[in-house]
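Asks: In the UniProt record's numbering, the protein residues as written are 1 to 193.
Backbone N, C-alpha and C define an ideal beta-carbon position, used for all residues, glycine too.
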Amino acid sequence: MARAELAESELAAVRLDRDRYKAKLEKSLSEMDSVQSELSALRASLVPSGEETSSEDAEVAFVQDMEEDGPRRSVRRAPVPGVKLENVRDGTINCPACGAGVCFGERGCNMVTCQSPDHYPKYFHFCCYCKKECPDHLPCTSCGYAKTDRVTRARHLNDKNKEAKANPIAIDDDEDDEEEGEKPNKRAKTSLM
Numbered sequence: 001m002a003r004a005e006l007a008e009s010e011l012a013a014v015r016l017d018r019d020r021y022k023a024k025l026e027k028s029l030s031e032m033d034s035v036q037s038e039l040s041a042l043r044a045s046l047v048p049s050g051e052e053t054s055s056e057d058a059e060v061a062f063v064q065d066m067e068e069d070g071p072r073r074s075v076r077r078a079p080v081p082g083v084k085l086e087n088v089r090d091g092t093i094n095c096p097a098c099g100a101g102v103c104f105g106e107r108g109c110n111m112v113t114c115q116s117p118d119h120y121p122k123y124f125h126f127c128c129y130c131k132k133e134c135p136d137h138l139p140c141t142s143c144g145y146a147k148t149d150r151v152t153r154a155r156h157l158n159d160k161n162k163e164a165k166a167n168p169i170a171i172d173d174d175e176d177d178e179e180e181g182e183k184p185n186k187r188a189k190t191s192l193m
């Protein structure tokens, strides 16, 4: 007996919801009819007096007026800014080919894709650690870092720092120039590799 009463109360609630939905739908339809009548009156006011045009012609003319601003600009063609300070640990580096800033996540392989418009219609795929191009869209195997998780990034930075510590870059080599009998250059000489 309790089940029958429960079923009847649920059925009454469903009917009430249905009636409310019907009322909202009828209200929306009446509002839509009034908007359409206002739109047709507006279209009629756009047509100069004495000329008869169908509603399709008026709609086409209205659409053409909207497109007079010029061609649509594509977001893909917008220039991509570079990253001022590359940080592999955070996942922000510059593309080695065009210099555009590229971000990469903590999941996946070491291959990063630069989608800069400079590479249009294709993309440029490269290793995020050694920055060599990845041919055939395959991950790099030469650098030894296969993933881009935090542990691998930290290991890469530690290895890079150890290598830099073992092979420091000579910034000022005025002493070598004086020994060879040449005049020292006022500018500091730097070598990147």
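Which partner residues does T113 have in the DSSP bridge list?
Replies: DSSP, once it has assigned bridges, lists H125 as partnering T113.
Asks: Taking C-alpha atoms, which residue in Q115, G99, C128, C95 lies nearest to G105?
Replies: Nearest C-alpha to G105: C128.
Asks: What does the alpha-carbon distance come out to for the pair A41 and L11?
Replies: Looking at the two C-alpha atoms, the distance is approximately 45 Å.
Asks: So, does the region 145-154 touch the region 106-121, judging by three or more C-beta pairs under 8 Å?
Replies: Contact holds: three or more Cβ-Cβ distances are below 8 Å.
Asks: Sorted by chain position, which residues of the same chain lie with C-beta nearer than 8 Å to C130's C-beta, five sequence neighbours on each side aside?
Replies: C140, S142, C143, listed in sequence order.
Asks: If we count Cβ pairs, one from each stretch, closer than 8 Å, do we get three or more for the region 109-124 versus the region 81-98?
Replies: Contact between the region 109-124 and the region 81-98 is present, because at least three Cβ pairs lie under 8 Å.
Asks: Might you give, ordered along the chain, the residues of its own chain that have their beta carbon closer than 7 Å to the beta carbon of G82, omitting 5 neighbours on each side?
Replies: Correct list, in chain order: N94, G99, A100, G101.
Asks: Relative to the alpha-carbon of R89, which residue among R18, L16, A13, H156 has its alpha-carbon at the smallest distance?
Replies: Nearest option by C-alpha distance: H156.
Asks: Label R20 either buried or exposed according to how many other C-beta atoms from any shown protein chain fall within 10 Å of its C-beta, with 16 as the threshold for buried.
Replies: So R20 ends up on the exposed side.
Asks: Contact check, F126 vs K132 under 8 Å by CB: the rounded distance?
Replies: Indeed they touch by this definition, with Cβ atoms about 6 Å apart.
Asks: Under the three-state reduction of DSSP, which class applies to N167: helix, strand or coil?
Replies: N167 falls in the coil class under three-state DSSP.
Asks: Which of the three DSSP states, helix, strand or coil, is assigned to T92?
Replies: Three-state DSSP puts T92 in a strand.
Asks: Would you mind sorting S116 into buried or exposed? The rule is 16 or more other CB atoms within 10 Å of its CB.
Replies: Buried.
Asks: In whole angstroms, what separates the C-alpha of R18 from that of A2?
Replies: Approximately 24 Å, taken between the alpha carbons.
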